[in-house]
Amino acid sequence: MLDSAILDPAILWLEERVGLETLWLFGSEARGTATSDSDIDLAALFRSPPSPSELLDARVEVGALLGRTVDLVDLDRASPILVMQVLRHGTLLVDRHPSRRVGLVAAAPGKYEDLMIVRREGERLLLERVRGGRA
């Protein structure tokens, strides 16, 4: 896993420029399986949601600061599947607003389960169509 001191300039930049409140490291760096070609996966909560262009600019700037490709995810806009992966397997790096994190942690399982119900029903209907020759 990355040494937190390496991430400090990026964390400071994110706090000052896009209102970072909470940050997780996830993916291969969090698992300790990263190679020299691996990107750095970061998931964040912000004071207010950055626009898509602001998030892209932040990815580029943080990547330049770290000398690596960075994937930066806004957890307020991420799929419930990704949110659950971050919460289960990520490493919490910054927690400036604990109530926001607690809110995300509390809501995530319900959103995930709701999505799984919809997906299972969609898969069931698709399977019926395929079996019925209507695909």
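Counted the way numbering that gives the first Met the number 0 counts, the sequence shown spans residues 0 to 134.
Don't be surprised by glycine CBs; every beta carbon is placed ideally from N, CA and C.
Here the structure is a predicted model, which is why all the values come from computation and not from measurement.
- With three or more CB-CB distances shorter than 8 Å, the region 19 to 27 counts as touching the region 91 to 100.
- Spatial neighbours of residue 76 in its own chain (CB-CB distance under 8 Å, excluding positions within 5 residues in sequence) are listed in chain order as 48.
- The residue from 79, 118, 112 and 58 with its alpha-carbon nearest to that of residue 103 is 79.
- If you compare the alpha carbons of 16, 108 and 40 with that of residue 0, the shortest gap goes to 40.
- The C-beta separation of residue 74 from residue 59 comes to about 20 Å, leaving the pair out of contact by the 8 Å criterion.
- Nearest to residue 81 by C-alpha distance, out of 115, 17, 50 and 123, is 115.
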